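Taking it in order: structure first as structure tokens, then the write-up.
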Amino acid sequence: MKEGESMRKKFLAILLSCSMVFSLSACGSNSTKTVKDEPNATTEADADLEDIIPEKTVTLDVFTQLANYSGEQIGWFAKIMLDKFNVKLNIIPDPANEGVFATRMESGNLGDIVIFGGDMDKYNQAVKKDMLFDWNDEDLLTDYGPYIKEHMPYALENNKELSGGKVYGFGFDVGTNPDDLKGFDYHPDIRYDLYKE
């Protein structure tokens, strides 16, 4: 892979990780501000994105311990990612005791976006083998994640302490301030088709 393509993939991975966090964090917001309150916000954000959105569709590999699905992302989220960012997501799950993590570690490629569940041992292995991208390299967090940097400093500092001084990400469902407690997100779900019956 050419160095330019590799760097573009890294930028996209960071940007899309951030956009996923923003889209999920917006669900719990108590703010009543609307887009009409800031008419230039969308235009400026879109202009900034145009510089890095690829002309040719890019597929990012998402290695995740939390997935129960394998293959190309489908559904409404896949459509948004393709329409807005020209990106497809290839989901690579890590089923328990099947050796996927070890194989990918040995190959030197965990994926473009890596999502750990609660397995600190595997996370620490990835950090030790330098398999994760430091968000502070080339000022990526400053340039593409200013909201995260401004509103989630405690989560970033916690990751920095866990990771030997580098920032590789943060835990799920992070509050935007120390008093903002979030509820647990792990719960049993019922399939919608069964619910309708």
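In terms of numbering that gives the first Met the number 0, the sequence shown opens at residue 0 and continues consecutively.
Idealized CB from N, CA, C, for every residue including glycine.
Predicted model, so just to flag it, every value in this text is computed and none were measured.
For residue 89, there is no enclosing alpha helix (DSSP H); the enclosing beta strand (DSSP E) covers residues 86 to 92.
Annotation for residue 120: no beta strand (DSSP E) segment contains it, though the alpha helix (DSSP H) segment containing it runs 119 to 127.
The C-beta distance from residue 110 to residue 61 rounds to 6 Å, short enough to fall under 8 Å.
Under a 10 Å Cβ-count criterion, residue 112 is classified as buried, with 16 or more other Cβ atoms of the shown protein chains found around its own Cβ. Non-local C-beta neighbours of residue 154 in its own chain, meaning closer than 7 Å and more than five positions away in sequence, comprise 169, 170, 173, ordered along the chain. For residue 58, the enclosing beta strand (DSSP E) starts and ends at 57 to 63. Taking 7 Å as the cut-off, the beta carbon of residue 89 is found closer than this to the beta carbon of residue 71. In the three-state DSSP reduction, residue 52 falls in the coil class, being neither helix nor strand.
With 16 or more neighbouring CB atoms inside 10 Å of its own CB, residue 103 falls in the buried class. Taking the Cβ atoms as the reference, residue 167 lies roughly 7 Å from residue 126, within the contact range of under 8 Å. Nearest to residue 133 by C-alpha distance, out of 159, 114, 74, 80, is 159.
Around the beta carbon of residue 50, a 10 Å sphere encloses fewer than 16 other beta carbons of the protein chains shown; the residue is thus reported as exposed.
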